[in-house]
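Take a look at the structure below.
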Amino acid sequence: EKEAGKRLIGPAGFNEICVANGNIYSDVIPSGTYTGINYMHAIAMGAAALIESSDESLTYQVKTIKHLSDLNLQIPEAIREYIEGQQKKIGVGGAVFVTIKSQPSR
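Quick note on the numbering used here: the sequence shown kicks off at 53 and runs consecutively.
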């Protein structure tokens, strides 16, 4: 985010999505099985999808991650129910403070 005297990306900006023992979680340093997805990559892909489908100027802003959907990620409902039924967790979260702006080329 553009603010004088502030860091450009929040502390969770480059967290990695990992899986271990049936849990899905984020970590700064990948542990368990790394999925190949980090927060910044997922946010950028979500912004790119919106930008590609629009012919207008856009501002895509993500401040806090609370759910996988905040990262443009989804888990099929049956898998989510299985994970939760096994008393496992889907735990992603953190402050990212990212703003992506686009303008159509003319």
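Quick reminder that beta carbons are idealized off the backbone N, C-alpha and C, glycines included.
Small disclaimer: the values here were computed from a predicted structure and weren't measured.
Measuring alpha carbon to alpha carbon, tell me which residue in 62, 158, 149, 69 is nearest residue 111. In the sequence shown, residue 111 corresponds to position 59, counting from 1. For residue 111, the nearest C-alpha among the options comes from 149.
Can you tell me whether residue 145 is helix, strand or coil according to DSSP? Against the sequence shown, residue 145 aligns to sequence position 93. Residue 145 falls in the coil class under three-state DSSP.
Can you grab the Cα-Cα spacing for the pair residue 68 / residue 92, in whole Å? Against the sequence shown, residue 68 aligns to sequence position 16. Against the sequence shown, residue 92 aligns to sequence position 40. Answer to the nearest angstrom: the Cα atoms are 9 Å apart.
Cα separation between residue 78 and residue 70? Here residue 78 corresponds to residue number 26 of the sequence shown, with the count starting at 1. Here residue 70 corresponds to residue number 18 of the sequence shown, with the count starting at 1. So the two alpha carbons sit approximately 6 Å from each other.
beta-carbon residue 82 near the ligand PLP non-hydrogen atom, thresh 8 Å: This structure simply doesn't include the ligand PLP, nor any ligand for that matter.
Measure the Cβ-Cβ separation of residue 105 and residue 155 and say whether it is below 9 Å. Here residue 105 refers to the residue found at position 53 of the sequence shown. Here residue 155 refers to the residue found at position 103 of the sequence shown. In this structure, residue 155 does not lie closer than 9 Å to residue 105 by Cβ.
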